[in-house]
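Asker:
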Amino acid sequence: MPGDDGLVLTAEEQSMLAGEQGPATAMCMRLIVGVARANGAERLVPIESAHADGCLYHGVAGLEFTERLVSLGARVRVRTTLNVGSLDLLHPGLVRADAEVAENGRRLMDAHVALGCEPIWSCAPYQSGHRPTEGSHVAWAESNAIAFVNSVLGARTDRYGDFIDIAAGVAGRVPYSGLHLKRNRAAALVLDFSAVPAALLDDDVAWPAIGALLGELAGTRVAALTGLPGDLNDGGVTEDRLKALGATAASAGGVALFHVVGVTPEAPTLDAVLGPEATTVPVTAPDLRRARERLSTAATTSLDAISLGTPHFSLAEFAALALQLRGGASFSSSVDVFVSTSRAVLAEAEARGYADAVRDAGGRILTDTCTYVTPVLRDGIRTVMTNSGKWAWYAPANLGIDTVLGSLAECVASARAGRVVRDERLWG
Amino acid sequence: MSGCGDDPVTLSGRSLHPGQANGTVLALDEPLSFWGGVDPCGVIVDAHHPQRGSTVAGQVLTMQAGRGSSSSTAVLAELIRSGHAPAALLLAECDAILVIGALVAAEIYDTALPIVQLAHDDLARLHTGTRAAVLAHSAPRAATIMVKSR
C-alpha cells in the first residue's frame, strides 16, 4: 500500500543506520534500507558473503562512490569477492585501454581492494573458490553469477548490481525480499525439452541456445526446465552447460533463477518447485535453432577472431579445449583467438599444461577482465565467433562487430580454417 | 485515469525513489538493459531493441521491467552524473538495480531521479510523445503522474 512502511530494523541495524558504527556503514545502510523500502521488504537478512561487480569502470560516478567509501573508512564485514575489472593486471599489454580507463579503471580496482575485498577479478567466482552452501543468503552481483549461485548452488541472492553489492558487503545485510524468500523461488513457467533429440542436447552449443530461449520466454520469471540431461557430479560438464545456459538467459531475459528438474538442488522433482499457476511450453529442435540464429548476426563465413571464456573459462573447459588442440593444426594467422579466465583457474591450467596448449596453437589468454567489456580486439575486426551466448548477445552493441555462435569444437575448427565452420547436421 | 479530451489526467503509483520531473514520455516496447544498451549520451544502442537510436536523456521513460546486466546500476548513476539520464523512470515492476543507481547518485551528487511503480494498465496509458509531470515522495509512499495532452 502506498504510504505504508512495514520495514522493521533490529537494534543493531538501527545503530548502523544512525551512524554509530561510522559514516561508511551508515551510508551503506541508507542504500540497503532505500532498496528495502522500494522492494516492500519487512526486514533485512544477514548475508554470509558477497560478490561485487562495481570494480568494472563505467564512468566517474562509480569511482567517486567507491573512493568515498574508502575515505569514510569502510571495510567489508563478510567475505566479498570481486568481479572483472577493466584491466588485465597480469597481462597489461593485452588491453588497449584509453588514458581514462587505464587510470580510473586501475583506481577503481585498487579502491575495492582497499575495502577488504578479495581480488579474484572473475565473473565466475563459483569456479574460483567461492561456492556458497545451499540455502545460505548471499548478496551477489553480475547477472551470470546470480543465476548460477541461485540455480546451480541453491544459495539465495536477489539481483544485485553495482553499489548495493559492496554496500551489502559493508553492512552485512540485504533486504529480505525477492529471491531470498522461498515463495518467490517457485517456477511460474515450465519448459519441456523432452522432444529435443538427445544428440542435439549433447552438443555444447545447445546450452546457450536453451538460455536464449529461456530468457526470451521467461523474462524475469522463474522457470523449471524438464527433459534435460545432467549430473552436477560429472566433473564439470553439466556445471559448465548450466553456466552457459544461465549466462545467456540472464542476458536475453532477466533470469536470476531457473530449476533443471532432476539436476539442480532445489528441484529433485517438478512438484518441488512448481508454482500454483505455472504454464508448460514444449520446446522443439527448430525452436533452439532459431534461438541460436538470433545469437549470430554475421551474414558471411569470413572470420577475424574467436572469443572463448564468457563467463570466465573453467578448468574443465580448458581441459576440453586442450584435448581438441592436441596434435592438431595451429590457428590460422588471420584469426585472433582469445580465452578469458580467472587468475586462479589460469594457475591450475598452467600446472596441467592446458595454458601452453592454447598458446602453442596461437591463442592468447586474458585474465581479470573480459574481451567484450574493455578494448582487447584489434581495430578492423568485423566478425567474431564465440561459444558464449552472453558474449554473442552483448558484443555487437559493445564492440560494433558481428557475431557467430558455435560450439567449442566449431570455434576450434573455424580458428584453424580461417573462416566460419559449423556442423549443421544436428540442427536438422 | 480520469478526465477527458485535452484535460490532464492523473495516475497514482508507488514511489521507488523520490524526485520530481517534467518531460516527454518515451514508452519502451521492450525492457532495456542500460549496460550494453545505452551509450554515454543516453542513446539506445542495443542491437536487439526495437527503439534503437532513440534517446532516453531527459525523457520520462516507461518500461515493464529492467533487463539484463547488473552493471546497469553504474551506467544509470553515470548518466545521472553526466546529465544524460532519463528525467524519470516509470516501471510496472520494482527494479532494485535501477533504484540503487538513483540512491547512489542522490548520496554523492545530491540528485533526485524519480522512479515510480505503476500498475500495468496505467503504464500502458503512457504513450510516447505525451508530456508528463512526475512527483514521487520517499519510497514506498505515493507518487503521482500528471499526463498532459500532446
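Chains A and B are the protein sequences, given in the same order.
Note that our numbering gives residue 213 to position 211 of the first sequence, counting from 1, and the numbers run on in steps of one.
Note that our numbering gives residue 41 to position 55 of the second sequence, counting from 1, and the numbers run on in steps of one.
We treat Cβ as the ideally placed atom computed from N, Cα and C, and that holds for glycine.
Go through the segment 346 to 423 of chain A residue by residue and report every complete run of the beta strand (DSSP E) that reaches 3 residues or more, in order.
Answerer: 366 to 369, 385 to 388 and 404 to 407
Asker: So what's T303/A in DSSP terms, helix, strand or just coil?
Answerer: Here residue 303/A is taken as the residue at index 301 of the first sequence, counted from 1. Coil at T303/A, not helix or strand.
Asker: In this structure, does DSSP put A340/A in helix, strand or coil?
Answerer: In the first sequence, residue 340/A corresponds to position 338, counting from 1. The sequence given here has Phe at residue 340/A, not Ala. Three-state DSSP puts F340/A in a strand.
Asker: Of all the options E268/A, A190/A and V375/A, which has the alpha carbon lying nearest to the alpha carbon of R158/A?
Answerer: Along the first sequence, one-based indexing puts residue 158/A at 156. Ranked by Cα distance from R158/A, the first of E268/A, A190/A and V375/A is E268/A.
Asker: In chain B, which residues lie with their C-beta within 9 Å of the C-beta of G221/A?
Answerer: Here residue 221/A refers to the residue found at position 219 when the first sequence is read from its first residue. Those are P17, Q50, A51 and R53, listed as they occur along chain B.
Asker: Which whole-angstrom value is the C-beta distance of A190/A and G277/A, which I expect to be below 8 Å?
Answerer: Translated into positions along the first sequence, residue 190/A becomes position 188. Translated into positions along the first sequence, residue 277/A becomes position 275. Contact holds; Cβ gap of about 5 Å.
Asker: Check each candidate in E16/B, T10/B, H34/B and G28/B and name the one with the smallest Cα separation from S298/A.
Answerer: Against the first sequence, residue 298/A aligns to sequence position 296. Nearest option by C-alpha distance: H34/B.
Asker: Keeping to the same chain, check which residues put their C-beta closer than 6 Å to that of L91/A; ignore five residues upstream and five downstream.
Answerer: If you number the first sequence from 1, residue 91/A lands on position 89. Result list for L91/A: D370, in chain order.
Asker: What separation, rounded to the nearest whole angstrom, lies between the Cα atoms of S336/A and L401/A?
Answerer: The residue you call residue 336/A lines up with position 334 of the first sequence. The residue you call residue 401/A lines up with position 399 of the first sequence. Using only the alpha carbons, I get a separation of about 19 Å.
Asker: Per DSSP, what are the beta-bridge partners of L(-3)/B in this structure?
Answerer: Taking the first residue of the second sequence as 1, we reach residue -3/B at position 11. I131/B.
Asker: DSSP three-state label for A99/A, please.
Answerer: As a first step, residue 99/A must be located in the first sequence, where it is residue number 97. Here A99/A sits in coil by DSSP.
Asker: Output the boundary residues of the alpha helix (DSSP H) element that contains A331/A.
Answerer: As a first step, residue 331/A is located in the first sequence; it is residue number 329 there, counting from the start. Counting along the chain, A331/A falls outside any alpha helix (DSSP H), and DSSP gives it neither H nor E.
Asker: For chain A, find out if any of its Cβ atoms is closer than 8 Å to the Cβ of I137/B; answer yes or no.
Answerer: Residue 137/B lies beyond the range of chain B shown here (-13 to 136); nothing can be said about it.
Asker: Is there a Cβ of chain B sitting closer than 8 Å to that of L11/A, yes or no?
Answerer: Counting from one through the first sequence, the residue named residue 11/A turns up at place 9. It does not; no Cβ of chain B falls within 8 Å.
Asker: Apart from the five residues on each side of it in sequence, which residues of its chain come closer than 7 Å, Cβ to Cβ, to L143/A?
Answerer: Taking the first residue of the first sequence as 1, we reach residue 143/A at position 141. First, the residue type needs correcting, since residue 143/A is Ala and not Leu in the sequence shown. Hits under 7 Å: H53, A54, D55, N85, Y162, G163, D164 and D167.
Asker: I'd like to know whether the C-beta of T97/B is nearer than 8 Å to at least one C-beta of chain A.
Answerer: Taking the first residue of the second sequence as 1, we reach residue 97/B at position 111. Not an interface residue.
Asker: Out of curiosity, what's the CA-to-CA distance linking L1/A and Y128/A?
Answerer: The structure shown does not extend to residue 1/A, since chain A is modelled only from 3 through 430, so no value can be given for it.
Asker: At which residue ranges does the segment 49 to 116 of chain B contain complete beta strand (DSSP E) runs of 3 or more residues, listed in the order of the chain?
Answerer: Complete beta strand (DSSP E) runs here, min 3: 74 to 77 and 101 to 103.
Asker: Which same chain residues end up closer than 7 Å to F67/A when comparing Cβ atoms and leaving out the 5 residues on each side of it in sequence?
Answerer: One-based indexing of the first sequence puts residue 67/A at position 65. Correct list, in chain order: F165.
Asker: Hey, could you find the ends of the alpha helix (DSSP H) G171/A is sitting in?
Answerer: Your numbering for residue 171/A matches position 169 in the first sequence. Element bounds for G171/A: I166 to A173.
Asker: In its own chain, which residues sit with a C-beta less than 6 Å from the C-beta of V29/B, not counting the 5 before and 5 after it?
Answerer: Here residue 29/B refers to the residue found at position 43 when the second sequence is read from its first residue. Cβ neighbours of V29/B beyond the five flanking positions: T41.
Asker: Only counting the same chain, and skipping five residues up and downstream in sequence, which positions put a Cβ closer than 6 Å to that of F315/A?
Answerer: Mapped onto the first sequence, residue 315/A falls at position 313. The residues V341 and T343, in chain order, have a CB closer than 6 Å to that of F315/A in the same chain once the five nearest residues on each side in sequence are set aside.
Asker: Taking only beta-carbon atoms, is S(-12)/B less than 8 Å away from chain A?
Answerer: The residue labelled residue -12/B in the question sits at position 2 within the second sequence. Note that S(-12)/B scores 46 on pLDDT, short of 50, meaning its location in the model is unreliable; the coordinates nonetheless yield the value given after this. No, S(-12)/B does not count as interfacial toward chain A.
Asker: Below 7 Å on C-beta distance, what does R366/A contact in chain B?
Answerer: Walking along the first sequence from the start, residue 366/A turns up at place 364. Those within 7 Å of R366/A in chain B number zero; the least Cβ separation is about 24 Å.
Asker: Just reading off the beta strand (DSSP E) that F260/A is part of, what are its end residues?
Answerer: Taking the first residue of the first sequence as position 1, residue 260/A is located at position 258. Where F260/A is concerned, the enclosing beta strand (DSSP E) stretches over F260 to V262.
Asker: Could you tell me which residues DSSP puts in a beta bridge with R81/A?
Answerer: Position 79 of the first sequence holds residue 81/A. In the DSSP output, where bridge partners are listed per residue, R81/A has S51/A.
Asker: Using Cβ-Cβ distances below 8 Å, what residues of the segment 30 to 63 of chain A are close to chain B?
Answerer: R32, L33, G36, V37, R39, A40, N41, G42, D55, G56, L58, H60, G61, V62 and A63
Asker: Quick one: is S1/A buried, meaning 16 or more other Cβ sit within 10 Å of its Cβ, or exposed?
Answerer: Given a span of 3 to 430 for chain A in the structure shown, any question on residue 1/A remains unanswerable.
Asker: For K134/B and D273/A, what's the separation of their Cα atoms in angstroms?
Answerer: If you number the second sequence from 1, residue 134/B lands on position 148. If you number the first sequence from 1, residue 273/A lands on position 271. For K134/B and D273/A, the distance between alpha carbons rounds to 49 Å.
Asker: Can you give the Cα-Cα distance for A434/A and K392/A, rounded to whole angstroms?
Answerer: Here chain A comprises residues numbered 3 to 430, so residue 434/A is not present and cannot be evaluated.
Asker: Anything in chain A within Cβ reach of G23/B, meaning under 8 Å, just list it in chain order.
Answerer: Locating residue 23/B in the second sequence gives position 37, counting from the first residue. Residues of chain A passing the Cβ test: A399.
Asker: For P126/B, decide whether its Cβ has a neighbour in chain A, counting only Cβ atoms nearer than 8 Å.
Answerer: Along the second sequence, read from residue 1 onward, the residue named residue 126/B stands at position 140. At least one chain A Cβ lies under 8 Å of P126/B.
Asker: What is the DSSP secondary structure of V257/A, counted as helix, strand or coil?
Answerer: Residue mapping note: residue 257/A aligns to position 255 of the first sequence, counting from 1. Correct three-state label for V257/A: coil.
Asker: Helix or strand or just coil, what does DSSP make of W209/A?
Answerer: Counted from its first residue, the first sequence places residue 209/A at position 207. Three-state DSSP puts W209/A in a helix.
Asker: Helix or strand or just coil, what does DSSP make of V265/A?
Answerer: As a position in the first sequence, residue 265/A is number 263, starting the count at 1. Reduced to three states, the DSSP call for V265/A is coil.
Asker: What residue from S19/B, R117/B and L62/B has the CA that sits closest to V257/A's CA?
Answerer: Position 255 of the first sequence, counted from the first residue, corresponds to residue 257/A. Of the candidates S19/B, R117/B and L62/B, the one whose C-alpha sits nearest the C-alpha of V257/A is S19/B.
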